[in-house]
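As they're listed, the protein sequences go chains B and S.
In terms of the numbering used here, the first sequence is residues 259 to 765.
In terms of the numbering used here, the second sequence is residues 546 to 698.
Positions of the beta carbon are idealized from the N, C-alpha and C atoms, including for glycine.
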Amino acid sequence: MDVGSGLLQGFATALTPANMLFCLIGVLVGTAVGVLPGLGPPATIAMLMPLTFGRDPAAGIIMLAGIYYGAKYGGAITSILVNVPGESSSVMTCIDGYQLAKQGKGGTAIGVAAIGGFFGGTFAVLGLTLLAPLIAQFALSFGPPEYFALMLIGLCAVTFLGGNSMLKGLMMAAFGVMLAVAGSDEMSGTERFTYGQTNLLAGIDFPVVAIGLFAVAEIMAGAEEVLRVSVFLPPKSWREVLPSPAILWRLVPTYIRATLLGFFIGTLPGGGASISSFLSYGVEKSVSKEPEKFGTGVLEGVGGPETADNAAAGAALVPVFTLGVPSSATSAILMAALMMLGLRPGPLLITEHPDFFWTVVASMYIGNVLLLIINLPLAPLLAKTLKAPYPLLYTSVLAICMVGVYSINNSMWDVWVSLIFGVIGYIAAKLDYPPAPLVLGLVVGPLAERTMRQALTFSRGDYGVFLSSPVSVGLLVVCAAFLFVPMVRSARRWNAQRKEQEAVATA
Amino acid sequence: MRKAELIAAAFFFLAGAHVVQQSTSDLDMWSRYGPGPGFVPFWAGALWMVLSALHMLNVVLQPRIFHGSQPFPVGVSAVRVIVLTAILAVSIFLMETVGFLVAMTVMIALCLAIIDRYSWKKTAVASVVIAATCYAVFSAVIGVPFPRGILGI
Numbered sequence: 259m260d261v262g263s264g265l266l267q268g269f270a271t272a273l274t275p276a277n278m279l280f281c282l283i284g285v286l287v288g289t290a291v292g293v294l295p296g297l298g299p300p301a302t303i304a305m306l307m308p309l310t311f312g313r314d315p316a317a318g319i320i321m322l323a324g325i326y327y328g329a330k331y332g333g334a335i336t337s338i339l340v341n342v343p344g345e346s347s348s349v350m351t352c353i354d355g356y357q358l359a360k361q362g363k364g365g366t367a368i369g370v371a372a373i374g375g376f377f378g379g380t381f382a383v384l385g386l387t388l389l390a391p392l393i394a395q396f397a398l399s400f401g402p403p404e405y406f407a408l409m410l411i412g413l414c415a416v417t418f419l420g421g422n423s424m425l426k427g428l429m430m431a432a433f434g435v436m437l438a439v440a441g442s443d444e445m446s447g448t449e450r451f452t453y454g455q456t457n458l459l460a461g462i463d464f465p466v467v468a469i470g471l472f473a474v475a476e477i478m479a480g481a482e483e484v485l486r487v488s489v490f491l492p493p494k495s496w497r498e499v500l501p502s503p504a505i506l507w508r509l510v511p512t513y514i515r516a517t518l519l520g521f522f523i524g525t526l527p528g529g530g531a532s533i534s535s536f537l538s539y540g541v542e543k544s545v546s547k548e549p550e551k552f553g554t555g556v557l558e559g560v561g562g563p564e565t566a567d568n569a570a571a572g573a574a575l576v577p578v579f580t581l582g583v584p585s586s587a588t589s590a591i592l593m594a595a596l597m598m599l600g601l602r603p604g605p606l607l608i609t610e611h612p613d614f615f616w617t618v619v620a621s622m623y624i625g626n627v628l629l630l631i632i633n634l635p636l637a638p639l640l641a642k643t644l645k646a647p648y649p650l651l652y653t654s655v656l657a658i659c660m661v662g663v664y665s666i667n668n669s670m671w672d673v674w675v676s677l678i679f680g681v682i683g684y685i686a687a688k689l690d691y692p693p694a695p696l697v698l699g700l701v702v703g704p705l706a707e708r709t710m711r712q713a714l715t716f717s718r719g720d721y722g723v724f725l726s727s728p729v730s731v732g733l734l735v736v737c738a739a740f741l742f743v744p745m746v747r748s749a750r751r752w753n754a755q756r757k758e759q760e761a762v763a764t765a
Numbered sequence: 546m547r548k549a550e551l552i553a554a555a556f557f558f559l560a561g562a563h564v565v566q567q568s569t570s571d572l573d574m575w576s577r578y579g580p581g582p583g584f585v586p587f588w589a590g591a592l593w594m595v596l597s598a599l600h601m602l603n604v605v606l607q608p609r610i611f612h613g614s615q616p617f618p619v620g621v622s623a624v625r626v627i628v629l630t631a632i633l634a635v636s637i638f639l640m641e642t643v644g645f646l647v648a649m650t651v652m653i654a655l656c657l658a659i660i661d662r663y664s665w666k667k668t669a670v671a672s673v674v675i676a677a678t679c680y681a682v683f684s685a686v687i688g689v690p691f692p693r694g695i696l697g698i
């Protein structure tokens with residue numbers, strides 16, 4: 259099936275009332291998740307995943323993907339009006355967005371962000387449409403050694419998701435791999451680390467862990483103090499949100515630069531939306547004729563990061579669909595959702611399930627249009643949701659967590675496991691251990707183990723098999739770079755700290 | 546922060562050592578044709594130990610001024626987190642006895658009344674509405690058989 263006919267067929271399926279409804283629910287929930295601080299897309303996707311079980315996989319992924327990219331749009335509203343990033347990737351939007359809100363231009367900033375999001379998001383889907391079949395075709399020639407190297411890249415990418423410490427990120431990824439090996443070994447049937455617990459025979463389900471780490475832990479952190487959200491001058495009518503044609507014309511180069519940057523960064527393992535929005539802000543500041551004005555309320559400082567953020571979110575699905583390698587916690591959860599719905603992410607996905615693939619891609623074009631429609635005229639209404647009392651919000655999230663976790667396997671064991679991971683996630687966050695690498699290790703770990711054992715079985719234990727093809731060698735070199743670059747960076751930081759200490763001692 | 550960091554790293558180190566020990570004593574490292582079920586856990590556990598040891602070394606050698614302040618909350622904030630965790634644990638414990646819906650309603654009510662000091666009237670209305678809505682959506686949409694308790698709901 260070629261791209262054109264595949265996409266047309268995809269639109270035909272995506273435009274059916276049922277799929278449109280799932281898309282609308284997904285983008286609405288995603289926008290709400292983005293707007294409301296405290297609950298991110300990873301936890302929401304994991305919580306609502308049971309609602310997709312037993313349904314058409316395309317409808318399920320349409321909804322979950324809608325939550326994923328919908329949250330990007332919603333995050334801008336909170337960043338601009340409350341100065342609190344609804345999403346980690348919206349941090350940069352706060353800087354100029356909040357200043358604009360203080361000057362009474364919050365509505366225009368929201369409009370600029372929404373239009374940029376639409377621009378970046380739609381271009382990313384276009385990139386997915388054109389690139390995914392090509393990459394998948396290329397990856398069809400991969401054998402277990404190449405796949406193992408790819409999975410290793412996925413795991414090494416945690417060095418960029420690891421927050422301040424590469425070591426902590428790697429430790430959490432190893433923790434995830436360890437959790438993944440618990441249960442019956444799929445190749446030999448041997449029980450591993452079950453400690454006589456029959457509940458552990460099937461392993462630990464990743465949504466149970468994700469809900470604990472991202473939702474329960476977040477609520478525990480929120481319980482520390484009474485959260486008071488003060489919304490700064492929300493727009494009163496949709497007219498305030500719509501930017502003038504002159505402003506839009508001025509921002510076209512910003513949108514183009516940010517889209518290209520976001521898409522490129524988003525496709526890289528470990529790239530993610532946060533890095534692209536940070537870089538985009540830096541690029542906009544460096545090309546600006548008045549860089550000193552950045553931070554005082556510049557529309558380019560809002561449009562750039564938001565466009566890059568949305569472009570990166572769409573681009574992150576390219577490696578998931580074509581190679582089966584997630585680049586962030588959210589895309590790892592989305593990939594695991596694909597597996598739970600009976601699909602195998604990777605190069606065969608497009609050839610074996612073209613209807614599914616093209617329907618999801620088409621739904622993303624539709625979803626971006628829906629999001630623009632929702633975010634421009636409904637921005638004043640969305641801003642009002644920020645005034646919802648936090649206690650009612652977190653208790654609702656807790657209730658959804660409980661029923662969501664129980665629904666996965668109809669098991670009270672899972673509810674306990676989720677609470678335990680909530681406590682672990684809370685302690686980890688306090689000690690600055692990032693949760694995303696753990697989820698990545700849990701999802702990618704079994705795939706890495708399977709491909710590694712297959713490769714070594716075919717080669718009868720000869721480790722040289724991993725260096726037998728140029729692709730595999732190339733991927734392993736990339737892996738080494740992923741580890742080496744942050745190591746050099748850490749060593750430099752360490753040296754700087756030492757010098758600083760010496761200076762303090764001599765002063 | 547320094548003490549907490551060291552305790553966490555030591556915990557990871559011991560967990561890694563346990564995994565390595567279990568992989569070598571209870572599982573096969575190699576099978577007839579290739580790596581056995583103990584192969585990956587062994588190397589992952591060993592990596593865990595190495596990373597934890599490196600982190601401990603990093604914490605010990607790092608100048609004290611670069612260690613942040615107390616990472617965990619104290620006073621009222623700590624009490625609020627502990628109370629929330631206790632409410633969750635008790636509610637989950639009760640789910641099979643009193644039923645999922647009742648336990649969930651109690652959980653929400655306790656959170657609102659004890660942690661957020663809502664009035665009992667507001668608490669009662671909010672907890673019943675939230676719990677019933679979540680329960681209805683999941684049991685109606687995907688037909689989840691939630692545990693029923695002594696009240697039959």
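- Runs of the alpha helix (DSSP H) lying entirely within the stretch 656 to 743 of chain B, each at least 4 residues long, are 670 to 688 and 694 to 716 in chain order.
- Contacts between Met-652(S) and chain B, judged by CB atoms closer than 9 Å, involve Thr-653, Leu-656, Ala-657 and Met-660 in chain order.
- By the 16-neighbour rule on beta-carbons within 10 angstroms, Tyr-453(B) is exposed.
- With respect to the C-alpha of Thr-709(B), the residue from Ile-666(B), Met-278(B), Ile-608(B) and Gly-582(B) having the closest C-alpha is Gly-582(B).
- Identification of residues in the stretch 667 to 694 of chain S having a C-beta nearer than 9 Å to some C-beta of chain B yields Ala-671, Ser-672, Ile-675, Ala-676, Thr-678, Cys-679, Tyr-680, Val-682, Phe-683, Ser-684, Val-686, Ile-687, Gly-688, Val-689, Pro-690, Phe-691 and Pro-692, given in sequence order.
- Rounded to the nearest whole angstrom, the C-alpha separation of Phe-400(B) and Leu-389(B) is 17 Å.
- Residue state for Arg-602(B) is assigned as coil, using DSSP reduced to three classes.
- Taking every protein chain shown into account, the CB of Phe-377(B) has 16 or more other CB atoms within 10 angstroms, so this residue is buried.
- Here the stretch 361 to 368 of chain B lies against the stretch 322 to 340 of chain B, with 3 or more beta-carbon pairs under 8 Å apart.
- Within the same chain, Val-285, Gly-288, Gly-379, Asn-568, Ala-571, Gly-572, Met-622, Gly-625, Asn-626 and Leu-629 come within 8 Å of Tyr-327(B) by CB-CB distance, once the 5 residues on both sides are set aside.
- Any Cβ of chain B closer than 8 Å to the Cβ of Gly-620(S) would place that residue at the interface, and such an atom is absent.
- Between Thr-650(S) and Ala-658(S), the C-beta spacing is not below 8 Å.
- If you draw a 10 Å sphere on the C-beta of Met-593(B), you find 16 or more other C-beta atoms in it, and that means buried.
- Inter-residue distance for Ala-591(S) and Tyr-721(B) is about 19 Å (C-alpha atoms, whole angstroms).
- Using beta-carbon distances, Met-429(B) counts as an interface residue toward chain S, with a partner under 8 Å.
- Going by DSSP, Glu-550(S) is part of the alpha helix (DSSP H) stretching over 547 to 570.
- The Cβ atoms of Ile-666(B) and Val-466(B) sit closer than 8 Å to each other.
- Within the stretch 581 to 592 of chain S, the residues whose Cβ lies closer than 9 Å to some Cβ of chain B are Gly-581, Pro-582, Gly-583, Phe-584, Val-585, Pro-586, Ala-589, Gly-590 and Leu-592, listed in chain order.
- Among the residues of chain S, those whose CB is under 7 Å from the CB of Gly-312(B) are Ile-687, following chain order.
- In this structure, Thr-310(B) lies away from Gly-298(B), with their beta-carbon atoms at least 8 Å apart.
- The DSSP-derived three-state label of Ser-535(B) is helix.
- At a cut-off of 8 Å between beta-carbon atoms, Glu-707(B) makes contact with chain S.
- Chain S places a beta carbon closer than 8 Å to that of Asn-668(B), counting this residue as a contact.
- Taking 4 residues as the minimum length, the alpha helix (DSSP H) runs contained wholly in the stretch 357 to 443 of chain B are 364 to 397, 402 to 414, 416 to 419 and 424 to 439, in order along the chain.
- For Ser-337(B), the uninterrupted alpha helix (DSSP H) segment begins and ends at 315 to 340.
- Apart from sequence neighbours up to five positions away, the residues of its chain that approach Pro-315(B) with a beta-carbon distance below 7 Å are Leu-599, Gly-600, Leu-601 and Phe-614, ordered along the chain.
- Counting only Cβ-Cβ distances below 8 Å, Phe-451(B) has contacts in chain S at Val-564, Gln-567 and Pro-586, in chain order.
- Neighbourhood of Met-640(S) in chain B, by CB distance below 9 Å: Met-660, Tyr-664, Met-670 and Val-673, in chain order.
- Under the 10 Å beta carbon count, Ile-477(B) is surrounded by 16 or more other beta carbons and is classified as buried.
- With respect to the C-alpha of Ser-636(S), the residue from Met-574(S), Tyr-680(S), Cys-656(S) and Leu-596(S) having the closest C-alpha is Cys-656(S).
- The continuous alpha helix (DSSP H) containing Leu-282(B) extends over residues 275 to 293.
- Its chain contains Thr-650, Ile-653, Ala-654 and Leu-657 as the residues whose beta carbon lies nearer than 7 Å to that of Ser-672(S), once the 5 sequence neighbours on both sides are disregarded; these appear in chain order.
- Note on geometry: alpha-carbon atoms of Ser-748(B) and Arg-756(B) lie some 12 Å from one another.
- For the set Ala-479(B), Tyr-539(B) and Thr-302(B), the Cα lying nearest the Cα of Ile-685(B) is the one of Ala-479(B).
- Leaving aside the five residues that flank Val-349(B) on each side, the residues in its chain whose CB is nearer than 8 Å to its CB run, in chain order, Ser-337, Pro-343, Ser-532, Ser-535 and Phe-536.
- When C-alpha distances from Val-735(B) are compared across Ile-303(B), Leu-392(B), Ala-272(B) and Ala-407(B), the shortest belongs to Ala-407(B).
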